[in-house]
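So the sequence lines, in the order shown, correspond to chains A and B.
The numbering used here puts the first residue of the first sequence at 18, with every later residue one more than the last.
The numbering used here puts the first residue of the second sequence at 18, with every later residue one more than the last.
The block underneath contains the structure these notes are about, expressed in structure tokens.
Protein chains: 2
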Amino acid sequence: MQLSINFRDVVSAKRRIEQHIKKTPIMTSSRLNHWLGHEILFKMECLQHVGAFKARGAMNAIQSYLESQEPPKKIITVSSGNHAQAIAWACDRLRIPADVYMDKAASSVKKNATRSYGATVIECETRLEAQERVAEAAETSDILMIPPYNHRDVIAGQGTCMLEVFDEINQPIDAVFAPCGGGGLISGCYVATKALSPETKVMGAEPVQANDAAQSIRLGRIVHLKDTPNTIADGVKTLSVGDLTFPQIQQLDGFYEVPEDDICYWTQWLQHLLKVHVEPTSAMSMSGVLVYLKAQSTPQRVMVVITGGNIASETMLKIWQDDHLAEVPRLSE
Amino acid sequence: MQLSINFRDVVSAKRRIEQHIKKTPIMTSSRLNHWLGHEILFKMECLQHVGAFKARGAMNAIQSYLESQEPPKKIITVSSGNHAQAIAWACDRLRIPADVYMDKAASSVKKNATRSYGATVIECETRLEAQERVAEAAETSDILMIPPYNHRDVIAGQGTCMLEVFDEINQPIDAVFAPCGGGGLISGCYVATKALSPETKVMGAEPVQANDAAQSIRLGRIVHLKDTPNTIADGVKTLSVGDLTFPQIQQLDGFYEVPEDDICYWTQWLQHLLKVHVEPTSAMSMSGVLVYLKAQSTPQRVMVVITGGNIASETMLKIWQDDHLAEVPRLSE
């Protein structure tokens with residue numbers, strides 16, 4: 018088993034990727050802060066290359082590999098989401114061919130986006146077939162497989178977003194919130210945050226309907242969901258966390274399970290207040306933020322990682338089905 | 018009749034407002050540029066205070082007034098859109114009470130937003146009643162009425178966004194596109210652009226279903242629509258342009274009338290590619306950009322002013338009703 022990551026891995030990742038990635042802005046909403054009576058900061062990774070933080074981990078994993086080995090003939094992965102685009106983007110930038118295995122049910126928007134970065138999309142009948150075929154292909158020499166989260170360099174790369182946060186914000190941050198799918202982002206954020214600001218709490222959020230991480234924390238072992246969960250937060254539909262991410266997830270200072278209605282509510286409000294096209298997965302954390310803030314007796318400064326902005330048409334239609342903007346966000350009922 | 022504005026008015030406006038407004042970013046989409054074979058730049062006024070360029074004109078009109086006169090007891094306007102929020106915001110910042118007259122059919126989101134900046138919203142039965150009551154109130158001494166577009170300082174203020182553009186972009190810009198409602202923005206942009214870069218074309222866009230400006234250009238006189246037009250681009254529902262904006266509108270290098278379907282198509286694509294919550298009124302121009310680009314034989318650099326990002330829930334639902342993301346934007350059919 019590989020060892021878990023440490024802070025030096027995140028610092029090395031920053032050095033490897035900073036010439037390639039965007040230093041994303043930190044945004045706030047004065048109206049939201051006024052309504053809540055606390056200061057909420059948003060790290061806008063939806064404005065990262067490929068519209069998601071995943072560009073960080075993908076680029077770090079490839080660059081780390083290239084430090085000790087010759088360029089592979091091809092890089093492959095299995096993903097129907099933002100990691101697919103991130104691998105395609107990084108490979109295009111480094112001029113390495115990329116094959117992305119997807120199940121054919123993946124949306125045409127995602128297939129088109131992955132192809133638009135120059136990768137070959139290999140359509141499989143099911144997700145399981147995609148996983149089997151990528152595992153088989155990975156056994157060929159000169160082929161590098163980069164998984165979406167359970168990989169040291171991927172986790173360390175995702176954590177670099179918190180280095181940027183602490184570099185930019187010179188005041189104490191009381192809590193950092195991030196969504197938890199496979200756990201790559203939140204593990205990297207946990208390691209970076211605790212090294213730079215040990216008193217800052219790091220909290221995770223997950224849909225109630227895809228709560229494998231919450232179950233895993235409760236039981237002290239990795240729980241695997243049987244079927245792809247039905248949630249609008251498609252960035253956290255993973256069936257389980259990984260053995261490399263679970264140790265950090267177990268140490269989190271808090272974990273929130275969010276109902277679907279809350280996810281839509283906050284996606285509408287963050288799109289409306291920040292004027293940014295944020296994914297439901299990103300907005301979900303705000304439900305946890307409110308539960309956390311209700312228990313605080315002093316004004317808090319909270320950092321929320323906005324993970325991505327790649328949203329299919331049918332998801333947008335679902336998000337805006339009901340009007341949530343009539344009810345202003347407040348801490349008291 | 019007041020005189021039309023000139024470049025010095027825009028420069029003065031910049032000096033008056035620059036400590037208050039945001040220097041908004043210019044964004045691009047590498048994928049869109051790749052698909053079109055041209056370079057499209059977006060001036061992101063949806064990331065301006067109050068989520069729209071209107072903050073510029075409102076602040077300039079008030080600051081210009083204060084240069085020669087004592088602060089008014091109250092500032093009033095009639096608007097159910099972004100101008101209402103801009104007046105409320107500017108008055109809050111300058112600590113002057115504000116009354117905004119709206120017809121009661123205006124969305125609760127807009128009323129709430131205007132109130133959240135500290136203004137009093139005075140609800141009237143109809144838009145006509147709101148106009149009559151604001152005109153009556155404006156006759157009281159010590160009350161300053163600031164109209165949404167037909168006002169020299171408002172026009173000059175809106176034009177400041179092009180000063181920022183030419184300050185930031187050091188390469189030639191072939192064409193500037195902006196939507197035309199009452200014409201305040203496009204008139205200001207026209208004056209600033211032609212002074213700084215006379216060879217740059219300035220083009221307007223309007224919904225087919227609200228084409229009073231296009232009709233006015235064709236007939237050489239200001240055409241007034243009888244009823245509020247039915248278009249998803251609610252920022253350009255004005256019934257006519259103004260006598261101060263029409264002279265610039267007549268000089269535009271091109272004017273495009275855009276079908277409703279195209280407005281939704283481009284709103285989806287700009288939200289998707291730029292990851293920003295852009296209003297239909299902003300995205301509309303892209304339909305004109307495509308018609309323009311099809312007629313060009315050399316690669317063009319085009320600046321599109323993204324005017325705002327304040328969108329009601331029901332409008333979002335309409336925008337995303339059909340899936341336009343399956344069909345990638347291209348110049349050839």
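Ideal Cβ positions, reconstructed from N, Cα and C, are used throughout, including at glycine.
How many angstroms separate the CA atom of residue i from the CA atom of residue j?
i: A:T262; j: A:I172; result: 8 Å
i: B:G221; j: A:E146; result: 52 Å
i: B:E62; j: B:T324; result: 5 Å
i: A:Q47; j: B:I92; result: According to the sequence provided, residue 47 of chain A is Ser. The question's Gln does not apply to it. Distance between the alpha carbons of A:S47 and B:I92 is about 23 Å.
i: A:I23; j: B:E181; result: Before going on, a small fix: residue 23 of chain A reads as Asn here, not Ile. Whole-angstrom Cα-Cα distance: 44 Å.
i: A:E14; j: B:H100; result: This structure cannot settle anything about residue 14 of chain A, because the visible part of chain A is limited to 18 through 350.
i: A:A343; j: B:V126; result: 6 Å
i: A:K31; j: A:E185; result: 15 Å
i: A:I160; j: A:P88; result: 9 Å
i: A:D2; j: A:Q36; result: Past the edges of chain A, shown from 18 to 350, lies residue 2 of chain A, and the structure says nothing about it.
i: A:A16; j: A:K128; result: Residue 16 of chain A falls outside the range modelled here, since chain A spans only 18 to 350, and no answer is possible.
i: B:A67; j: B:P165; result: First, the residue type needs correcting, since residue 67 of chain B is Val and not Ala in the sequence shown. Cα to Cα, the separation comes out at about 15 Å.
i: B:T143; j: B:L256; result: 15 Å
i: B:M320; j: B:M303; result: 10 Å
i: B:P377; j: B:N167; result: In the structure as shown, chain B starts at 18 and stops at 350, and residue 377 of chain B therefore has no counterpart that could be examined.
i: B:G54; j: B:S349; result: 11 Å
i: A:Q175; j: B:S85; result: 55 Å
i: B:Q226; j: A:G199; result: 48 Å
i: B:I203; j: B:M301; result: 14 Å
i: A:V151; j: A:D120; result: 12 Å
i: A:G326; j: A:P264; result: 28 Å
i: A:G259; j: B:R318; result: 47 Å
i: B:K59; j: A:L291; result: Correcting the residue type first, residue 59 of chain B is Phe in the shown sequence and not Lys. Their backbone Cα atoms lie some 17 Å apart in a straight line.
i: B:D109; j: A:V295; result: 29 Å
i: B:V275; j: A:D170; result: 48 Å
i: B:D270; j: B:K211; result: 11 Å
Let's test the definition: count the other Cβ atoms within 10 Å of the Cβ of residue i and tell me whether it reaches 16, buried, or not, exposed.
i: A:N247; result: exposed
i: A:S158; result: exposed
i: A:E187; result: It should be noted that the sequence gives Asn, not Glu, for residue 187 of chain A. Classification for A:N187: exposed.
i: B:R235; result: exposed
i: A:K311; result: exposed
i: B:A122; result: exposed
i: A:H299; result: Note on residue identity: the sequence assigns Ser, not His, to residue 299 of chain A. It counts as buried.
i: B:A231; result: buried
i: A:Q338; result: exposed
i: B:S314; result: exposed
i: B:R33; result: buried
i: B:D229; result: buried
i: A:T45; result: exposed
i: A:G237; result: exposed
Mapping the DSSP letters down to three states, classify residue i as helix, strand or coil.
i: A:G221; result: strand
i: A:E56; result: strand
i: A:A192; result: strand
i: A:N160; result: According to the sequence displayed, residue 160 of chain A carries Ile and not Asn. It is a strand residue.
i: A:K211; result: helix
i: A:S204; result: helix
i: A:V240; result: coil
i: A:E185; result: helix
i: B:L349; result: According to the sequence provided, residue 349 of chain B is Ser. The question's Leu does not apply to it. Reduced to three states, the DSSP call for B:S349 is coil.
i: B:C197; result: coil
i: A:I22; result: coil
i: B:S29; result: helix
i: B:V258; result: coil
i: A:L342; result: coil
i: B:I249; result: coil
i: B:P165; result: coil
Determine the closest residue to residue i out of the options, with distance taken between C-alpha atoms.
i: A:I163; options: A:F194, A:A78, A:G205, A:R132; result: A:A78
i: A:E156; options: A:F183, A:P215, A:K90; result: A:K90
i: B:P316; options: B:V28, B:Q36, B:H51, B:R33; result: B:H51
i: A:S133; options: A:I104, A:D191, A:D120; result: A:I104
i: B:G98; options: B:R112, B:A329, B:R169; result: B:A329
i: A:V322; options: A:F194, A:I280, A:T131; result: A:F194
i: B:V117; options: B:Y82, B:Q80, B:A75, B:S81; result: B:A75
i: B:P196; options: B:A154, B:V240, B:L213, B:K254; result: B:K254
i: A:D191; options: A:V95, A:V295, A:I57; result: A:I57
i: B:T177; options: B:H341, B:L213, B:G271, B:V28; result: B:V28
Would you list, in sequence order, the uninterrupted beta strand (DSSP E) runs of no fewer than 3 residues that lie entirely inside the region 306–339 of chain B?
318–323
For the region 110–157 of chain B, list the beta strand (DSSP E) runs that are entirely contained and at least 3 residues long, ordered along the chain.
115–120, 137–141
Could I get the ranges of all uninterrupted alpha helix (DSSP H) runs contained in the region 266–306 of chain A, with 4 residues as the minimum, in chain order?
277–291, 297–300
Which runs of the beta strand (DSSP E) fall wholly inside the region 37–99 of chain A and span at least 3 residues, in chain order?
56–61, 91–95
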